[in-house]
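Chemist:
Protein chains: 2
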Amino acid sequence: MKVVKFGGSSLATGAQLEKVFDIVAQDPKRRAVVVSAPGKRHTADTKVTDLLIACAERYLSNGEAPELVEEIVGRYADIALEVGLGNEVIGLIRSDLLRLLQSDKQSPERFIDAIKASGEDNNAKLVAAYFRHRGVEAHYVNPKDAGLFVTSEPGNAQVLPESYDNLFQLRQEPGIIVFPGFFGFNEEGEVITFSRSGSDITGSILANGLKAELYENFTDVDAVYTVNPSIVPHPKEIRELTYREMRELSYAGFSVFHDEALIPAFRTNIPVQIKNTNNPSAEGTRVVTKRDNTNGPVVGIASDSGFCSIYISKYLMNREIGFGRRVLQILEDDGLTYEHIPSGIDDMTIILRQNQMDDTIENRVIKRLKDELDADEVTVEHNIALVMVVGEAMRHNVGTTARAAKALSDARVNIEMINQGSSEVSMMFGVKEAQEKQAVRALYQEFFAKVIV
Amino acid sequence: MKVVKFGGSSLATGAQLEKVFDIVAQDPKRRAVVVSAPGKRHTADTKVTDLLIACAERYLSNGEAPELVEEIVGRYADIALEVGLGNEVIGLIRSDLLRLLQSDKQSPERFIDAIKASGEDNNAKLVAAYFRHRGVEAHYVNPKDAGLFVTSEPGNAQVLPESYDNLFQLRQEPGIIVFPGFFGFNEEGEVITFSRSGSDITGSILANGLKAELYENFTDVDAVYTVNPSIVPHPKEIRELTYREMRELSYAGFSVFHDEALIPAFRTNIPVQIKNTNNPSAEGTRVVTKRDNTNGPVVGIASDSGFCSIYISKYLMNREIGFGRRVLQILEDDGLTYEHIPSGIDDMTIILRQNQMDDTIENRVIKRLKDELDADEVTVEHNIALVMVVGEAMRHNVGTTARAAKALSDARVNIEMINQGSSEVSMMFGVKEAQEKQAVRALYQEFFAKVIV
Numbered sequence: 001m002k003v004v005k006f007g008g009s010s011l012a013t014g015a016q017l018e019k020v021f022d023i024v025a026q027d028p029k030r031r032a033v034v035v036s037a038p039g040k041r042h043t044a045d046t047k048v049t050d051l052l053i054a055c056a057e058r059y060l061s062n063g064e065a066p067e068l069v070e071e072i073v074g075r076y077a078d079i080a081l082e083v084g085l086g087n088e089v090i091g092l093i094r095s096d097l098l099r100l101l102q103s104d105k106q107s108p109e110r111f112i113d114a115i116k117a118s119g120e121d122n123n124a125k126l127v128a129a130y131f132r133h134r135g136v137e138a139h140y141v142n143p144k145d146a147g148l149f150v151t152s153e154p155g156n157a158q159v160l161p162e163s164y165d166n167l168f169q170l171r172q173e174p175g176i177i178v179f180p181g182f183f184g185f186n187e188e189g190e191v192i193t194f195s196r197s198g199s200d201i202t203g204s205i206l207a208n209g210l211k212a213e214l215y216e217n218f219t220d221v222d223a224v225y226t227v228n229p230s231i232v233p234h235p236k237e238i239r240e241l242t243y244r245e246m247r248e249l250s251y252a253g254f255s256v257f258h259d260e261a262l263i264p265a266f267r268t269n270i271p272v273q274i275k276n277t278n279n280p281s282a283e284g285t286r287v288v289t290k291r292d293n294t295n296g297p298v299v300g301i302a303s304d305s306g307f308c309s310i311y312i313s314k315y316l317m318n319r320e321i322g323f324g325r326r327v328l329q330i331l332e333d334d335g336l337t338y339e340h341i342p343s344g345i346d347d348m349t350i351i352l353r354q355n356q357m358d359d360t361i362e363n364r365v366i367k368r369l370k371d372e373l374d375a376d377e378v379t380v381e382h383n384i385a386l387v388m389v390v391g392e393a394m395r396h397n398v399g400t401t402a403r404a405a406k407a408l409s410d411a412r413v414n415i416e417m418i419n420q421g422s423s424e425v426s427m428m429f430g431v432k433e434a435q436e437k438q439a440v441r442a443l444y445q446e447f448f449a450k451v452i453v
Numbered sequence: 001m002k003v004v005k006f007g008g009s010s011l012a013t014g015a016q017l018e019k020v021f022d023i024v025a026q027d028p029k030r031r032a033v034v035v036s037a038p039g040k041r042h043t044a045d046t047k048v049t050d051l052l053i054a055c056a057e058r059y060l061s062n063g064e065a066p067e068l069v070e071e072i073v074g075r076y077a078d079i080a081l082e083v084g085l086g087n088e089v090i091g092l093i094r095s096d097l098l099r100l101l102q103s104d105k106q107s108p109e110r111f112i113d114a115i116k117a118s119g120e121d122n123n124a125k126l127v128a129a130y131f132r133h134r135g136v137e138a139h140y141v142n143p144k145d146a147g148l149f150v151t152s153e154p155g156n157a158q159v160l161p162e163s164y165d166n167l168f169q170l171r172q173e174p175g176i177i178v179f180p181g182f183f184g185f186n187e188e189g190e191v192i193t194f195s196r197s198g199s200d201i202t203g204s205i206l207a208n209g210l211k212a213e214l215y216e217n218f219t220d221v222d223a224v225y226t227v228n229p230s231i232v233p234h235p236k237e238i239r240e241l242t243y244r245e246m247r248e249l250s251y252a253g254f255s256v257f258h259d260e261a262l263i264p265a266f267r268t269n270i271p272v273q274i275k276n277t278n279n280p281s282a283e284g285t286r287v288v289t290k291r292d293n294t295n296g297p298v299v300g301i302a303s304d305s306g307f308c309s310i311y312i313s314k315y316l317m318n319r320e321i322g323f324g325r326r327v328l329q330i331l332e333d334d335g336l337t338y339e340h341i342p343s344g345i346d347d348m349t350i351i352l353r354q355n356q357m358d359d360t361i362e363n364r365v366i367k368r369l370k371d372e373l374d375a376d377e378v379t380v381e382h383n384i385a386l387v388m389v390v391g392e393a394m395r396h397n398v399g400t401t402a403r404a405a406k407a408l409s410d411a412r413v414n415i416e417m418i419n420q421g422s423s424e425v426s427m428m429f430g431v432k433e434a435q436e437k438q439a440v441r442a443l444y445q446e447f448f449a450k451v452i453v
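First to last, the sequence lines map onto chains A and B.
Numbering-wise, full-length UniProt numbering puts 395 at position 395 of the first sequence, and it's gapless, one number per residue.
Numbering-wise, full-length UniProt numbering puts 328 at position 328 of the second sequence, and it's gapless, one number per residue.
Structural data, given as structure tokens:
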């Protein structure tokens, strides 16, 4: 049995829906389909999820938004019309949405979550109807009936462990099940969404619960690339990579696959296959527990910007028990999370995402670090990028660091920071944002351009 | 005015004392002399300080130790005899020691501190007497009279700020002042010692207080070497280095100069000149605030062993506010200090000195990390060495990291960890202890063997 997940762009139009049907129909093992809400049909388009959020907000401020409701229902109706589906399912979708918009608004967060989630929920009904229209046994499954229970954190739900056993029961269902992505139910029976792009998470949870042999994630790219194509044109594709490698790449800017979504599949060793709905014959990229190393130590290079560093120096700092802990406490008091803490003998640097701090927070943190820790110097540097070189084989390869550092040096990139030694599968370089692309290109050149595939 | 400090081996015999006199007499600016207790006369010898500790411990256990008292007094007497000094000062030394040994033993720590400190105190009296014997105006100064006040931490005294102004008054004294190293007085008038080798600290405090133009530190090596001579035979000498460079080298195994001792001199920009009592015409090594870069980016390479690493992994660790702080709190609860915390996305590693942990502490810490933080994995690796490459010019030199990493890679040294980016003057590599010497030699070869001086 395979779980197949389709993203919003794969379900934006009737033509796309037909591709989806063909893909599922082609392999009888594809028995569980997880769907997102209809996405953008073209660059300037609006995703159904965003229309739903706008609509929910209008209702919350005591307004109504009949034109938004019609636009949303119209998106489903357009798809239905395009594929020759009758109006029955569209009637269901409209009444479901109107019913939800009239529901309790005591908790605005919960209300928005319920409206947002209807995008996926109603799309699953539409997709199931179309599959049946094409003569295939298929039916929509409601996550509540299926027992997908989650914690009560709107926009950040975490699956509860009993869900897996509940979902296993779905194996008994005949035909193809069509399951809405992006949300589950808390113990009070309320809709709670996962973090954004959470349909990937639903697919992974379902693959785990159903004990699937494969989790196929259909999106709109042929594969995961070794580097961001907007930095290096036409980069090599990654055929196979491990969960750990994927997780490290996702962290630093690879947005193909939601990083939380790997966990349920990873826990049960279910491979994840990333494929292109618009080019299903392309090989795609496979995420696995263990892989053979073929093309050198590095599998991918990622980068992300928008970091800053707080530098703290104090003579004989390393003799003060509790110094580091007190620094982190001061950050925590302002709700700040840090990424890395490179340290010298008498100094330490904290790397964190700068969007967490406005001027007020920054000044308060600096003042507290100076006053409470009696630091000799505290300075903040903005606009730092982190460049990550990822590959399982790196730890067996003594020369990788040297090659990376030399490539950066030859490209005249100044290394502000190196963090290597905790993760066995990655090495991280801090550079100034102005040199980020230069750094990524130099590393790509070193580790990929020379490789014969 | 220059402050001149002589270590124990420079004052172990009459012949050494004559060299000391010649050195001081040679430059009329050398007006403040700081002395250690007499050190070893040969490899198998015992330092006077160690005899004093043994003696104090015997008295504490309600015994007496006349033979130890005579051995200690004998050391001073031998020196006096050798240089033709009368017996008067030896009589003073004996009665002073006997008086101290009869003093209050309510606090054993304070008692030991007072006895230990007498080694320097009485040697200062002897040295002053000898200088006068040679026809030079010189006198012993008692740190209490001079106002050298410190905190009440036996064996770890910290100078109190008012001391500097007090010591400035010594400029009024005629002739040469001879000042005992290693201790000061707390506000109750009790002797409190600095940490071991603390005479360097006294010299630095005195240089600061007296607003000296130079602090000369005479020891038994010609210079600070670029690398440990027991790892690389006949290494290059360092002519000039900055305080920061010296501090980083001292940390990782360079024991020429006590690292705490740099602070008072550093705060007032007084250069520190390290010279050899037994070869005073050798240039020595100068520690300064700022230096010109001459021979490449690296000034020295140091290493130290006996570290271990605690590896902690937990999926999505970096989203948990307070995770790192709680890790450090658990270490702090057992009084553990850490050196570095390299981190990945879902893991962090804590590098610490392993002599802080016995099996009981190690197991307790691991258990708490697993239980309280719900970590997926906690493992400890022992026997790690840290190799430090030090040089002010490194931060302006993009290629230094690449050269260092390549040198290690060519020597087949596996880099377990890199810590670079907080300190601007050093770069640290973690390697297995078994590869420590190999690593140091490879780096020396890369940064020094190729340089033409």
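For glycine and all other residues, C-beta sits at the position ideal for the given N, C-alpha and C.
Starting from the C-beta of R41/B, find all residues in its chain whose C-beta is less than 6 angstroms away, skip the five residues before and the five after it, and write them out in chain order.
Modeler: As a working mapping, residue 41/B is identified with position 41 in the second sequence. Around R41/B: A12, T13.
Chemist: Compare the Cα-Cα distances from E57/B to each of D292/B, P108/B, A405/B and report the closest residue.
Modeler: Residue mapping note: residue 57/B aligns to position 57 of the second sequence, counting from 1. Nearest option by C-alpha distance: P108/B.
Chemist: Report the three-state DSSP secondary structure of E377/B (helix, strand or coil).
Modeler: Counting from 1 along the second sequence, the entry for residue 377/B is found at position 377. If DSSP states are grouped into helix, strand and coil, E377/B belongs with the strands.
Chemist: For E187/B, which of helix, strand or coil comes out of DSSP?
Modeler: What you label residue 187/B is simply residue 187 of the second sequence in a count that begins at 1. If DSSP states are grouped into helix, strand and coil, E187/B belongs with coil.
Chemist: Given that a residue counts as buried once 16 or more other Cβ atoms are within 10 Å of its Cβ, and exposed if not, what is V453/B?
Modeler: Residue 453/B sits at position 453 when you count from the first residue of the second sequence. For V453/B, the pLDDT reaches just 45, beneath the cut-off of 50, and the residue's location in the model is therefore unreliable, although a value from the coordinates is still provided. It is exposed - the Cβ of V453/B has fewer than 16 other Cβ atoms within 10 Å.
Chemist: Of all the CB atoms in chain B, is at least one closer than 7 angstroms to the CB of Q329/A?
Modeler: One-based indexing of the first sequence puts residue 329/A at position 329. Chain B contact via Cβ: present.
Chemist: Who are the neighbours of V413/A on chain B, taking C-beta pairs under 9 angstroms?
Modeler: As a first step, residue 413/A must be located in the first sequence, where it is residue number 413. Those are V398, listed as they occur along chain B.
Chemist: Quick check on the burial criterion: 16 or more other C-beta atoms within 10 angstroms. Buried or exposed for T289/B?
Modeler: Locating residue 289/B in the second sequence gives position 289, counting from the first residue. With fewer than 16 other Cβ atoms within 10 Å, it is exposed.
Chemist: Can we say the region 309-317 of chain B touches the region 362-376 of chain B, given the rule of at least three CB pairs closer than 8 angstroms?
Modeler: Touching, per the Cβ criterion.
Chemist: H340/A touches chain B at which residues, Cβ-Cβ below 7 angstroms?
Modeler: The count along the first sequence starts at 1 and reaches residue 340/A at position 340. Ordered by position in chain B, the residues that pass the 7 angstroms Cβ test against H340/A are S343.
Chemist: Pop quiz: I274/B and N217/B are said to be a contact at Cβ under 8 angstroms. What is the actual Cβ separation, rounded to whole angstroms?
Modeler: In the second sequence, residue 274/B corresponds to position 274, counting from 1. In the second sequence, residue 217/B corresponds to position 217, counting from 1. Correct: roughly 5 angstroms between the Cβ atoms.
Chemist: For the candidate residues A146/B, R353/B, Y251/B, Y164/B, whose alpha-carbon lies nearest to that of T268/B?
Modeler: Here residue 268/B refers to the residue found at position 268 when the second sequence is read from its first residue. For the residues A146/B, R353/B, Y251/B, Y164/B, the minimum Cα distance to T268/B belongs to Y164/B.
Chemist: Quick one: residues in its chain with C-beta nearer than 7 angstroms to the C-beta of G147/B, no 5 flanking neighbours on either side, listed in chain order?
Modeler: Against the second sequence, residue 147/B aligns to sequence position 147. Hits under 7 angstroms: S163, N166, L167.
Chemist: Check the Cβ of S163/A against every Cβ in chain B and list those closer than 8 angstroms, keeping chain order.
Modeler: Counting from one through the first sequence, the residue named residue 163/A turns up at place 163. Residues of chain B passing the Cβ test: none, with the nearest at roughly 18 angstroms.
Chemist: Between S118/A and chain C, is any beta-carbon pair separated by less than 7 angstroms?
Modeler: Chain labels in this structure do not include chain C; the protein chains are A and B.
Chemist: Measure from the alpha carbon of E392/A to the alpha carbon of each residue in E82/A, V425/A, A117/A, then state which is nearest.
Modeler: Walking along the first sequence from the start, residue 392/A turns up at place 392. When only C-alpha atoms are compared, the closest one is V425/A.
Chemist: Bridge partners of C55/B, per DSSP?
Modeler: Position 55 of the second sequence, counting from 1, holds the residue named residue 55/B. Paired residues: none, contrary to the question.
Chemist: Determine the direct distance from the alpha carbon of G430/A to that of I231/A, and round the result to whole angstroms.
Modeler: Translated into the one-based positions of the first sequence, residue 231/A becomes position 231. Translated into the one-based positions of the first sequence, residue 430/A becomes position 430. Going by the C-alpha atoms only, they are around 17 angstroms apart.
Chemist: Got a sec, what are the start and stop residues for the beta strand (DSSP E) K432/A sits in?
Modeler: Taking the first residue of the first sequence as 1, we reach residue 432/A at position 432. Element bounds for K432/A: 426-432.
Chemist: I'd like to check one pair, G189/A with I238/A: are the Cβ atoms closer than 7 angstroms?
Modeler: What you label residue 238/A is simply residue 238 of the first sequence in a count that begins at 1. What you label residue 189/A is simply residue 189 of the first sequence in a count that begins at 1. Not in contact: I238/A and G189/A (Cβ atoms no closer than 7 angstroms).
Chemist: Rounded to the nearest angstrom, what separates E433/B and V440/B at their Cα positions?
Modeler: Here residue 433/B refers to the residue found at position 433 when the second sequence is read from its first residue. Here residue 440/B refers to the residue found at position 440 when the second sequence is read from its first residue. Computed Cα separation, rounded: 11 angstroms.
Chemist: If you draw a straight line from the alpha carbon of T285/A to that of N419/A, how long is it in whole angstroms?
Modeler: Position 285 of the first sequence holds residue 285/A. Position 419 of the first sequence holds residue 419/A. Their Cα atoms are separated by approximately 28 angstroms.
Chemist: Grab the span of the alpha helix (DSSP H) containing D113/B for me, first residue to last.
Modeler: Within the second sequence, the letter at position 113 stands for residue 113/B. Unbroken alpha helix (DSSP H) run through D113/B: 108-133.
Chemist: Let me see if you follow: with CB-CB separation under 7 angstroms, is V453/B close to chain A or not?
Modeler: Stepping through the second sequence from its first residue, residue 453/B is reached at position 453. Per-residue confidence for V453/B stands at a pLDDT of 45, beneath the threshold of 50, marking its modelled position as unreliable; no derived number is given.
Chemist: When the Cα atoms are used, what is the spatial distance from M428/B to V387/B?
Modeler: Within the second sequence, residue 428/B is the residue found at index 428, counting from 1. Within the second sequence, residue 387/B is the residue found at index 387, counting from 1. Roughly 6 angstroms between the two C-alpha positions.
Chemist: Taking all protein chains shown into account, decide if residue 455/A is buried (16 or more other Cβ within 10 angstroms of its Cβ) or exposed.
Modeler: Here chain A covers residues 1 to 453 and nothing more, so residue 455/A does not appear.
Chemist: Are the C-beta atoms of R58/B and some chain A residue less than 7 angstroms apart?
Modeler: Taking the second sequence and counting its residues from 1, the one referred to as residue 58/B is at position 58. No - not a single Cβ of chain A is within 7 angstroms of the one on R58/B.
Chemist: Between the beta-carbon of Y215/A and the beta-carbon of A223/A, is there less than 7 angstroms?
Modeler: Taking the first residue of the first sequence as position 1, residue 215/A is located at position 215. Taking the first residue of the first sequence as position 1, residue 223/A is located at position 223. No, the pair does not count as a contact, with Cβ atoms beyond the cut-off.
Chemist: Label E67/B either buried or exposed according to how many other C-beta atoms from any shown protein chain fall within 10 Å of its C-beta, with 16 as the threshold for buried.
Modeler: What you label residue 67/B is simply residue 67 of the second sequence in a count that begins at 1. Exposed: under 16 other Cβ atoms inside 10 Å.
Chemist: Determine the chain A residues that contact A405/B at a beta-carbon separation under 7 angstroms, and present them in chain order.
Modeler: The sequence position of residue 405/B within the second sequence is 405, counting from 1. Here the neighbours are T401, A402, A405.
Chemist: Note down the Cα distance separating D27/B from S343/A, rounded to an integer number of angstroms.
Modeler: As a first step, residue 27/B must be located in the second sequence, where it is residue number 27. As a first step, residue 343/A must be located in the first sequence, where it is residue number 343. Those two C-alpha atoms are separated by around 43 angstroms.
Chemist: Report back the beta-carbon spacing between G198/B and V34/B to the nearest angstrom; my notes put them in contact at under 8 angstroms.
Modeler: To locate residue 198/B, count along the second sequence from 1; it is residue 198. To locate residue 34/B, count along the second sequence from 1; it is residue 34. With a Cβ gap of about 11 angstroms, G198/B and V34/B do not count as contacting.
Chemist: Go ahead and pull the three-state DSSP assignment for R171/B.
Modeler: Taking the second sequence and counting its residues from 1, one reaches residue 171/B at position 171. Of the three classes helix, strand and coil, the one that applies to R171/B here is helix, per DSSP.
Chemist: What is the DSSP secondary structure of G306/B, counted as helix, strand or coil?
Modeler: In the second sequence, residue 306/B corresponds to position 306, counting from 1. G306/B falls in the strand class under three-state DSSP.
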